[in-house]
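Okay, so the sequence shown: first residue is 91 according to our numbering, each after it adds one. Have a look at the structure below, then the notes.
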Amino acid sequence: MERLRGNAKMILWSCFFVVVAVSAQGYNNPTVEVEPREKVVVKVGKPLRVMCRIGVPLAGCRVEIPGLAPIILKPNQPSDDGISYDGAGLETGQCGVTIANVKDSYHGDFKCALQPADSRSETIGSLKIIVAKPPPNRPELLLSQAPGERYKKGDRIEMSCSALAGRPSANVSLFLDNETLPRDNSRFAYNTNEDSMATVNASRILDWSDNGKYIRCVAEHIALDTPMEAHKQLQVYFPPQEQPTIERFGYVIGRAGIINATVYANPKPNFVWKVGDEEITEGRTDQSQRLQTTTARETRPGQWYVELKIDSVQKIDTEKFYVLEARNPEGTTKYHFRLSTSPVPEGFDLDAGFIIGIVVGILVLLLLISLIIFARATGRWCFAARRRGDEEAAGGAGAGSEAHITPGDEDDDQDPHIIDEKIPHGGQENPIHTSTEYVNGRNDIKDVQRKDEKTDTPV
């Protein structure tokens, strides 16, 4: 038992001495602080500054730059290779270096060795210098396969953009024309000795409006003045797109006229004009030789401009029905036209904001009219006095034969405001009648009015 206790004491004392030794070593060799931390990316030919420091005065400062022999640095030391001491002095614990012109061979692990003034050993700090090197070739763009690289509306397309052999990895992005495509996922692989690779993937459900646009794979890199790019143009097949009835104005009887339209379709449709019971194909004339069609012209990918020319517009031409039929392997669509000799209506091409403003104004006007009707019907607000006058007139309808007493009239007579309304001041009590004679023989009130007129003398 005593033997076991002795072994335990020996183990405890051994651990104590190890802790003390490690602490003393840590005190004697403080940690080196390096700026920039961990790694720095720099272009060839650019300057680089690295600062290594500890919190005690130094006796020596040594640096190891990849591709060069170790260099002892001192303040105010002349330099003929563009590498010199940088700092406030060894007594401040600073061991910095300035490299005036970075070379490609400096790519790798940088080390600085700092010797404290009260120590015979060095404390090491490190940093990874990444000398930028652009990808040697344009980025690679891959698209999911489609027969003949021709896609259809509604197809799902998958895209991949990769940049190889860059140092560090290039920043790659996918665009549809100038629209950034959201990333599905991205991968990054880096080889510290030489090269790196970056890849970004994206997908999209194609619409007819994507036809003719470019998928762009763009690689940006610190060592490039301008980005590198690879691109492919999309071919999306889709049927002729529908449009509402097309109205054309401003035709003049006796003058030539043109009916035109822009049709969106891919591939090119076959166009047939139908005027009444007659059909006119592209580049042909009708039986009367008055109507002539032109061959469709592609103004943009998947955008076709067509015309029907009338040599001399007649009144009967504005009464006919005009139909343009566009047919391609993806589908068939008919476009209807109306002709008018009237000028283009003002606001015919108003934008949506203006139309919304008109609708809101009409709704506000209808609301005001409804409020006025409601106030008039219920005798509220500015119609309250008129309603009392109407009630008085109705109450006196039988005054010539007998008196009509309405419950509550006694209370109303005590109200000075109501009394004031019942006795007119030089005006007509019943505004509906314009006669000077009062209604239903109520001469008593008329006499009161005359009396008031006699006594109303200016002061």
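Each residue gets a CB set at the ideal place from its N, CA and C atoms; glycine is no exception.
Is there a Cβ from chain B that is less than 7 Å from the Cβ of residue i?
{"i": "S293", "result": "Of the protein chains in this structure there is only one, and it is not chain B."}
For residue i, write down the residues that DSSP places opposite it in a beta bridge.
{"i": "E125", "result": "M141"}
{"i": "K399", "result": "I348 and Q382"}
{"i": "T423", "result": "A416"}
{"i": "N268", "result": "BP columns for N268 are empty, so no partner."}
{"i": "S432", "result": "S432 pairs with nothing; no bridge assigned."}
{"i": "C307", "result": "L264 and A320"}
{"i": "W394", "result": "V353 and E388"}
{"i": "V131", "result": "I220"}
{"i": "L233", "result": "M249"}
Under the three-state reduction of DSSP, which class applies to residue i: helix, strand or coil?
{"i": "I312", "result": "coil"}
{"i": "V449", "result": "helix"}
{"i": "A253", "result": "strand"}
{"i": "R466", "result": "helix"}
{"i": "K218", "result": "strand"}
{"i": "S286", "result": "strand"}
{"i": "E409", "result": "helix"}
{"i": "S460", "result": "helix"}
{"i": "V454", "result": "helix"}
{"i": "D300", "result": "helix"}
{"i": "Q404", "result": "coil"}
{"i": "K136", "result": "coil"}
{"i": "P120", "result": "coil"}
How far does the beta strand (DSSP E) with residue i in it extend, from its first residue to its last?
{"i": "N418", "result": "Y412 to N418"}
{"i": "N227", "result": "Segment: none, N227 is in no beta strand (DSSP E) and carries neither H nor E."}
{"i": "E388", "result": "R387 to R390"}
{"i": "R210", "result": "No beta strand (DSSP E) holds R210; DSSP gives it neither H nor E."}
{"i": "R240", "result": "R240 to K242"}
Inset, instruction - Can you check the segment 314–384 for any beta strand (DSSP E) of at least 3 residues that lies completely inside it and give the ranges in chain order? - result: If we require 3 residues or more, the beta strand (DSSP E) runs fully inside the segment 314–384 come out as 318–323, 325–327, 336–338, 347–354, 360–365, 368–371 and 381–383.
Legend entry - Length-filtered (4 minimum) alpha helix (DSSP H) runs lying within the segment 147–208: DSSP runs (the alpha helix (DSSP H)) wholly in the segment 147–208: none.
Legend entry - contact_flag[the segment 231–241, the segment 200–219] where n(CB pairs < 8 Å) is 3 or more: Under the Cβ criterion (8 Å, minimum of three pairs), the segment 231–241 does not count as touching the segment 200–219.
Inset, instruction - Assess, as a yes-or-no matter, whether the segment 304–323 is touched by the segment 407–421 under the definition of 3 or more beta carbon pairs within less than 8 Å. - result: Not touching, per the Cβ criterion.
Inset, instruction - Would you be able to state if there are at least three C-beta pairs under 8 Å between the segment 258–274 and the segment 218–229? - result: Yes: at least three Cβ pairs fall under 8 Å.
Legend entry - At least three beta-carbon pairs within less than 8 Å, the segment 346–356 to the segment 417–433: In short, these stretches touch, since the Cβ pair count reaches three.
Legend entry - Any 3 or more C-beta pairs closer than 8 Å across the segment 366–384 and the segment 290–302: No: the two stretches stay apart, fewer than three of their Cβ pairs being nearer than 8 Å.
Inset, instruction - Please confirm if the segment 173–189 is in contact with the segment 135–143, defined as three or more CB-CB distances below 8 Å between the two stretches. - result: The segment 173–189 vs the segment 135–143: in contact.
Inset, instruction - Could you say if the segment 324–343 and the segment 368–380 meet the contact criterion of at least three C-beta pairs nearer than 8 Å? - result: The count of Cβ pairs closer than 8 Å, one atom from the segment 324–343 and one from the segment 368–380, stays below three, leaving the stretches out of contact.
Legend entry - Validate contact between the segment 190–207 and the segment 145–152 using beta carbons, cut 8 Å, 3 pairs: Yes: the two stretches touch, three or more of their Cβ pairs being nearer than 8 Å.
Legend entry - Three CB pairs or more closer than 8 Å across the segment 154–165 and the segment 173–180: Yes, the segment 154–165 is in contact with the segment 173–180.
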